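What follows is one structure encoded as structure tokens, with my remarks underneath.
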Amino acid sequence: MNMSQIKRYTKDEIDVLSKSPYVKNIRENRLTFTYEFRCILYDEWIKSRSVVSIRKVLKLYGFDCNMLGWRIINTIHYIFNRDGRPTRGKNKTFGIPNSMVERYDDEFLIDSGIFKRFGKRIRFTSEFIDKVYKELVLRQEKGLIK
Numbered sequence: 008m009n010m011s012q013i014k015r016y017t018k019d020e021i022d023v024l025s026k027s028p029y030v031k032n033i034r035e036n037r038l039t040f041t042y043e044f045r046c047i048l049y050d051e052w053i054k055s056r057s058v059v060s061i062r063k064v065l066k067l068y069g070f071d072c073n074m075l076g077w078r079i080i081n082t083i084h085y086i087f088n089r090d091g092r093p094t095r096g097k098n099k100t101f102g103i104p105n106s107m108v109e110r111y112d113d114e115f116l117i118d119s120g121i122f123k124r125f126g127k128r129i130r131f132t133s134e135f136i137d138k139v140y141k142e143l144v145l146r147q148e149k150g151l152i153k
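Under the numbering used here, the letters of the sequence shown match residues 8 to 153, in that order.
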């Protein structure tokens with residue numbers, strides 16, 4: 008990455024951002040939100056997985072997106088897509104980073120035919136989603152659900 012592309016916060020920007028209760032740490036080249044605020048961001052982002060939804064929440068909580076810079080907003084979006092719900096960085100049970108924890112054996116989910124592997128994640132198959140959707144439409148047509 009070209010160093011000129013990294014957002015550098017000015018002293019005035021650092022002063023403004025450090026006053027926010029949602030900012031855990033701010034330095035010239037790094038901004039860290041609190042865990043609680045990252046969870047708020049994630050909960051809204053999951054409803055509409057887009058950079059636009061992140062921008063809306065940031066504005067709602069008093070942040071100037073131009074001051075933050077486009078890179079941090081895109082990075083939040085990327086991290087949510089990659090890692091899912093924010094954590095505090097450690098597995099609570101073992102006190103070690105999540106990347107060091109032995110993964111749960113999920114092959115029985117794949118074997119069920121309802122799930123498929125998608126990169127490092129597991130998701131419902133499109134056939135299962137279609138089946139559920141058709142059942143939902145059928146129930147709506149029968150007036151069983153609104």
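Each residue gets a CB set at the ideal place from its N, CA and C atoms; glycine is no exception.
Here the structure is a predicted model, which is why all the values come from computation and not from measurement.
For cysteine 46, the CB contacts under 6 angstroms within the same chain, skipping 5 residues up- and downstream, are Pro93 in chain order. Leucine 67 counts as exposed, since fewer than 16 other C-beta atoms from the protein chains shown sit within 10 angstroms of its C-beta. Every beta strand (DSSP E) stretch that sits fully inside the stretch 28 to 92 and reaches 3 residues is listed by chain position as 30 to 34, 37 to 40. Contact between isoleucine 79 and lysine 14 holds, with the beta-carbon distance rounding to 7 angstroms and staying under 8 angstroms.
Only buried fits tryptophan 52, as 16 or more other CB atoms lie within 10 angstroms of its CB. It is roughly 19 angstroms from the alpha-carbon of glutamate 114 to the alpha-carbon of glutamate 134. Phenylalanine 44 is classed as buried because its beta carbon has at least 16 other beta carbons within 10 Å across all chains shown.
As the crow flies, the alpha-carbon of arginine 146 is around 9 angstroms from that of lysine 153. Under the DSSP assignment, isoleucine 129 falls in the beta strand (DSSP E) whose first and last residues are 128 to 131. Taking a C-beta distance under 7 angstroms as the contact criterion, isoleucine 83 and isoleucine 61 qualify as a contact pair. Taking all protein chains shown into account, phenylalanine 87 has 16 or more neighbouring C-beta atoms within 10 Å of its C-beta and is therefore buried. Assigned with DSSP and collapsed to three states, lysine 141 falls in helix. Under the DSSP definition of a beta bridge, lysine 123 partners with Arg130. When only Cα atoms are considered, asparagine 73 and valine 139 end up about 42 angstroms apart.
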